[in-house]
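Peer 1: Pasting a structure here, questions to come.
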Amino acid sequence: MAAKKSPFFDTATTLGKIVAFFGVSALSGVLAAGLMVPIASLAGSSANAGTEIFDALPASFKGEPIAQPSKILAKDGSTIATFYSENRQPVKLKNISKIMQSAIISIEDERFYEHNGIDVRGIARAAVNNFTSSSQQGASTLTQQYVNNLLVNADVVNGVDRSEMTISGSKDIADKAREAKLAISIEKEMTKDEILEGYLNLVLFSGRNYGIQAAAQRFYSVDAKDLNLQQSAMLAGMVQLPNAYNPEKYPERSLKRRNTVLAAMLRTGAIDKKEYDKAVKSKLGVKPKEVKSGCIAAEDSAYFCDYVTRLITTDEAYGKTRKDRENLLYRGGLTIKTTLDPRLQKEAAKQSKAMIPADDKSNIGASIVTVEPGTGNILAMGQNKDYVPTDKNTGPNTTINFAVEKALGGAGGFQGGSTMKPYTTMAWLESGRNMWDRISAPNKKNYPASFRWKASCLPRGYTTVGGGWAPANAVSGYPSSMTVDYGLFNSVNSATVAEASKLDLCDIAEGTERLGLIDYDNDIDPATGKKSTLGQPISPANPAFVIGSARITPLAQATAFATFANNGEFCDNRALTSVTDATGTAYKVKPVSCEQAVSPQVVADMNGTMTKIAKQKVTKGAIDYPISGKTGTNNGANSTWFVGYTTGMASAAWVGRYDKQQNLETKNKVIDGIARRWVDSGTWASPLWTNYMKKVGDLYPTESFGKAKSAPKPPAPKKVEADDDDTADSASSETSDSKETKEPKESEAPKATATPKPKGNSGNTPNPPKKTEDD
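All letters in the sequence shown, in the order written, are residues 1 to 775 by my numbering.
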């Protein structure tokens, strides 16, 4: 859409015709040096006509908010990033050095405190010069310049085309006329000091740096109140031609202009000869400090920053259109307070990069995201890549945020692998069963195509697997009969599937939805029937979801597991704690929202097993406070996980491929300088989580988890011969663990057994990962 044209400059309008009249009234004195003169100083019939026209010009206009930078702040108040279309930091006149005030008045409007908005003497001087010399002089007062800047700002906000003029360039008679009338009006409404303060906060100094505070910081790394004489003179000299007098680009030109300002200050008595002589001999002494706009300057917090900006620009609470929201972000002076803990964030980024270097040729991504149980606050969101816009999103640079969904700048989730198994355990316990219950779970047990998997929420009340399904375990040697506790501890696929076969798949899927999980492979919007990047709750139509076929995000998984850390209370995650604009207006943000989603006893029973996983399998004694969690690895190990937690923080560590599904177990695949044939959660994800928690885990509460129920004491055994399967396992997981809990070493670990992909029908065919177990 074409930019709007201001009616003031359109000769087809009545006002435009009035303005055009001035062009033929010049000889009568209405114009002098290109500026409207007070009517009282004019004479003649043409002047009388000019008086009437001048009186018809508007004496006021609708002002618009002045653009101010927005800031994203961390939990401790430190600045994560700044956003601006105009870098401006408004300050009171008392916080602008007196010498700076004198410098700008001396060079731009030495009779500022004497005139009523326009300077007749200045006009006369400029007129004589312009009629008798090839050089041109202006006669705009500071008040007129202030008006002009206000007009430009208003037009920018309203989309009016100002391409035919610049703040410091030539303006036609219409511009001058309007400035004059408005300047006189403003002088009646504002004090001189108020006008000077407004001008110094509004005027352009260079590039996108507006106002004296931003300029002082940009070129001298000091506050406006601390500017000295030579610094003030240099900055005052810039406003005439901001880019031409930039001291970084044109130091000689800038120095000459600064000395011109010093001479003006000497002439007006703002400084004496001694001060002038000392200042004019000094060097420019520039000490530049650039405040970059946007997340690219947020360093280790860049991906969290990107996530926050997308929360703002996709939420209608911040504007009806995306353009409105972006305008608010870049011009509205927002103060966006967030949940980010800089201590955790720094370590999350550091450990992610240490685990897999950003420039590793394997192009593996590594990420860790932390959520606080009891609030849902996102405390950290770090990854190993560098936040640099690129078309390829490969190599060391990408803007893809591994932790979140595609609609908010993410990769769209990854197969959860065995981190999804606790949800089947949860449904098992919620059905009234126990962790010590025994199940028959032989490896590659066949569930034929005729097997009806109960799914009461589906139209038929069940689902089937076309071609049947015989899920395999990644590691052989497990007993065919085991307790639920043993199966979860050892992440046995056949055990989880056996449990699911006795449950209602809808109960398991509903449990994942209760804890906020979304499957980004399930991307058909039920309302429209069209594909969507938003994803849908996990569908029970595909039984393979119980061992990790669904594509979920690390942030969602950390949020869900925070429920297990918080006695079953689920809290929706959030990144914003407050948002206010420059006027103090507060915007609605997501509040802390929690509800009891799981029974505390169910959670305690699960933690009884997952604490052993975290202690014995993952950290191996490296952490001495209570921890719990679950490992996960999918097909080809292109997605490896450990989601672990204390009572104070839940963190999902993910390592894998985000750009394409490439098998990371290919023989001699070189990753981080090592040729590997066996990759699982223990290769990177578990060490990443462990290294991170060793540094920050005790910064938040590390209390004990609830007590798991104990298995009832069995009656005294009768003297009968034990079945082979039964002797391989007992009702006590502590006993059974001693046989098959030692995680195989990398050099000893067998390759994962591939599970044939079942042939499907009617959308009920599961697509289980070929590698479906962690160990």
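Note that beta-carbon positions come from the ideal geometry of N, C-alpha and C, so glycine has one too.
1) Return the first residue and the last residue of the alpha helix (DSSP H) that Lys71 is part of.
2) If you follow the beta strand (DSSP E) that Trp641 is in, where does it begin and where does it stop?
3) Less than 7 Å between the C-beta atoms of Phe489 and Ile613, yes or no?
4) Could you give the uninterrupted runs of the beta strand (DSSP E) lying entirely in the region 556-631, keeping only those of 3 residues or more?
5) What is the residue span of the alpha helix (DSSP H) that Trp689 lies within?
6) Which class does Leu204 belong to by DSSP, given the choice of helix, strand or coil?
7) State the start and end residues of the unbroken beta strand (DSSP E) segment that holds Trp654.
8) Given a cut-off of 7 Å on the beta-carbon distance, is the pair Asn493 and Ile547 in contact?
9) Going by beta carbon distance, what residues of the same chain come within less than 7 Å of Leu93, once the five residues before and after it are set aside?
10) Kindly give me the distance between the Cβ atoms of Gly285 and Gln217, rounded to whole angstroms, as I take these residues to be in contact under 8 Å.
11) Taking 7 Å as the cut-off, decide whether the C-beta atoms of Glu114 and Val147 are in contact.
12) Taking its Cβ as the centre, do 16 or more other Cβ atoms sit within 10 Å of Ile184, making it buried, or is it exposed?
13) Could you tell me whether the region 571-585 touches the region 332-345, using the rule of 3 or more Cβ pairs below 8 Å?
14) Across the region 526-546 and the region 474-485, are there enough close Cβ pairs to call them in contact, namely three or more that are closer than 8 Å?
15) Taking Cβ positions, are Ala498 and Ile552 nearer each other than 7 Å?
16) Mind checking whether Gly416 and Gly632 have CB atoms under 7 Å apart?
17) From Ala215 to Asn246, what distance separates their C-alpha atoms?
18) Could you compute how far the alpha carbon of Asp306 sits from the alpha carbon of Gly467?
19) I'd like the list of long-range same chain contacts for Glu187, defined as Cβ closer than 7 Å, with 5 residues on each side in sequence excluded.
20) With which residues is Val156 paired in a DSSP beta bridge?
21) To the nearest angstrom, how far is it from the Cα of Leu408 to the Cα of Ala103?
22) Name the residue from Ile378, Gly374, Gly382 whose alpha carbon lies nearest to the alpha carbon of Ala864.
23) DSSP state of Phe451, grouped into three classes?
24) Going straight from the alpha carbon of Asp680 to that of Asp659, what length do you get?
25) Since Thr309 and Leu329 are thought to touch, with beta carbons under 8 Å apart, how far apart are those beta carbons, to the nearest angstrom?
26) Quick check on this structure: which residue in Ala298, Arg88, Ser232 has the alpha carbon closest to the alpha carbon of Leu73?
27) Could you spell out the range, first to last residue, of the alpha helix (DSSP H) harbouring Gln536?
28) Among Lys278, Ala154, Arg257, Tyr447, which one has its Cα closest to the Cα of Asn228?
29) Output yes or no for whether 7 Å exceeds the beta carbon distance between Tyr645 and Phe570.
30) Run through the region 459-502 for me and flag every whole beta strand (DSSP E) of 3 or more residues, listed as ranges in chain order.
31) What would DSSP say about Met435, mapped onto helix, strand or coil?
32) For Leu379, report the span of its beta strand (DSSP E) as first-last.
33) Buried or exposed: which applies to Gly237, given that a residue is buried once 16 or more other Cβ atoms fall within 10 Å of its Cβ?
34) Among Leu699, Ala716, Ala708, Glu703, which has the Cα closest to the Cα of Gln345?
35) State the DSSP-derived secondary structure class of Ala214, mapped to helix, strand or coil.
36) Classify Glu108 as buried or exposed, calling it buried when 16 or more other Cβ atoms lie within 10 Å of its own Cβ.
Peer 2: Looking at the atomic coordinates:
1) By 1-based counting over the sequence shown, the position of residue 71 is 71. Run containing Lys71: none in the alpha helix (DSSP H); it sits in the beta strand (DSSP E), 70-73.
2) Numbered from 1 along the sequence shown, position 641 holds the residue referred to as residue 641. Start and end: 639-645.
3) For the purposes of this step, residue 489 is identified with residue 489 of the sequence shown, where counting begins at 1. For the purposes of this step, residue 613 is identified with residue 613 of the sequence shown, where counting begins at 1. Yes; because the gap between Cβ atoms is below 7 Å, this pair is in contact.
4) 569-571, 576-580, 594-596
5) Counted from its first residue, the sequence shown places residue 689 at position 689. Here the alpha helix (DSSP H) through Trp689 covers 685-696.
6) Start at 1 with the first residue of the sequence shown, and residue 204 comes out as number 204. The answer is strand: DSSP assigns Leu204 an E or B state.
7) Position 654 of the sequence shown holds residue 654. Per DSSP, Trp654 belongs to the beta strand (DSSP E) from 650-656.
8) Taking the sequence shown and counting its residues from 1, one reaches residue 493 at position 493. Taking the sequence shown and counting its residues from 1, one reaches residue 547 at position 547. Against a cut-off of 7 Å, the Cβ pair of Ile547 and Asn493 comes out as a contact.
9) Within the sequence shown, residue 93 is the residue found at index 93, counting from 1. Result list for Leu93: Asp193, Leu196, Glu197, in chain order.
10) Taking the first residue of the sequence shown as position 1, residue 285 is located at position 285. Taking the first residue of the sequence shown as position 1, residue 217 is located at position 217. Between Gln217 and Gly285 the Cβ distance is about 15 Å, and since that is not below 8 Å, they are no contact.
11) As a first step, residue 114 is located in the sequence shown; it is residue number 114 there, counting from the start. As a first step, residue 147 is located in the sequence shown; it is residue number 147 there, counting from the start. Judged by beta-carbon spacing, Val147 lies beyond the 7 Å limit of Glu114, meaning their Cβ atoms are not closer than that value.
12) Within the sequence shown, the letter at position 184 stands for residue 184. Flag for Ile184 reads buried.
13) yes
14) no
15) Working through the sequence shown from its first residue, we reach residue 498 at position 498. Working through the sequence shown from its first residue, we reach residue 552 at position 552. Contact flag unset, no.
16) By one-based count along the sequence shown, residue 416 stands at place 416. By one-based count along the sequence shown, residue 632 stands at place 632. Yes, the pair counts as a contact, with Cβ atoms nearer than the cut-off.
17) In the sequence shown, the residue the question calls residue 215 occupies position 215. In the sequence shown, the residue the question calls residue 246 occupies position 246. Ala215 and Asn246 have their alpha carbons spaced roughly 11 Å apart.
18) Position 306 of the sequence shown, counted from the start, is the residue given in the question as residue 306. Position 467 of the sequence shown, counted from the start, is the residue given in the question as residue 467. Distance between the alpha carbons of Asp306 and Gly467: 45 Å.
19) Position 187 of the sequence shown, counted from the first residue, corresponds to residue 187. The beta carbon of Glu187 lies closer than 7 Å to those of Asn116, Gly117, Thr143 in the same chain, with the five residues before and after it left out.
20) Your numbering for residue 156 matches position 156 in the sequence shown. Answer is none; Val156 lacks a bridge partner.
21) Residue numbering aside, residue 408 sits at position 408 when the sequence shown is read from its first letter. Residue numbering aside, residue 103 sits at position 103 when the sequence shown is read from its first letter. Each residue's alpha carbon lies about 48 Å from the other.
22) What the structure shows of the chain is the stretch from 1 to 775, and residue 864 is not part of that stretch, so it cannot be assessed.
23) Along the sequence shown, read from residue 1 onward, the residue named residue 451 stands at position 451. Under the three-state reduction of DSSP, Phe451 is assigned to coil, being neither helix nor strand.
24) As a first step, residue 680 is located in the sequence shown; it is residue number 680 there, counting from the start. As a first step, residue 659 is located in the sequence shown; it is residue number 659 there, counting from the start. The straight-line gap from Cα to Cα measures roughly 19 Å.
25) The residue labelled residue 309 in the question sits at position 309 within the sequence shown. The residue labelled residue 329 in the question sits at position 329 within the sequence shown. Right, the Cβ-Cβ distance comes to about 7 Å (below 8 Å), so this counts as a contact.
26) Start at 1 with the first residue of the sequence shown, and residue 73 comes out as number 73. The residue with the shortest Cα to Cα distance from Leu73 is Ala298.
27) Taking the sequence shown and counting its residues from 1, one reaches residue 536 at position 536. Premise fails: Gln536 is in no alpha helix (DSSP H) and is neither H nor E.
28) As a first step, residue 228 must be located in the sequence shown, where it is residue number 228. Minimum Cα distance to Asn228 is reached at Lys278.
29) Start at 1 with the first residue of the sequence shown, and residue 645 comes out as number 645. Start at 1 with the first residue of the sequence shown, and residue 570 comes out as number 570. Contact flag unset, no.
30) 481-483
31) The residue you call residue 435 lines up with position 435 of the sequence shown. Met435 falls in the coil class under three-state DSSP.
32) What you label residue 379 is simply residue 379 of the sequence shown in a count that begins at 1. 378-383 is the span of the beta strand (DSSP E), which, as asked, contains Leu379.
33) The residue given as residue 237 occupies position 237 in the sequence shown. Gly237 comes out buried.
34) Residue 345 sits at position 345 when you count from the first residue of the sequence shown. Looking at the Cα atoms, Leu699 is the closest of the given residues.
35) On the sequence shown, residue 214 is found 214 positions in, with the first residue counted as 1. Ala214 falls in the helix class under three-state DSSP.
36) The count along the sequence shown starts at 1 and reaches residue 108 at position 108. Glu108 should be labelled buried.
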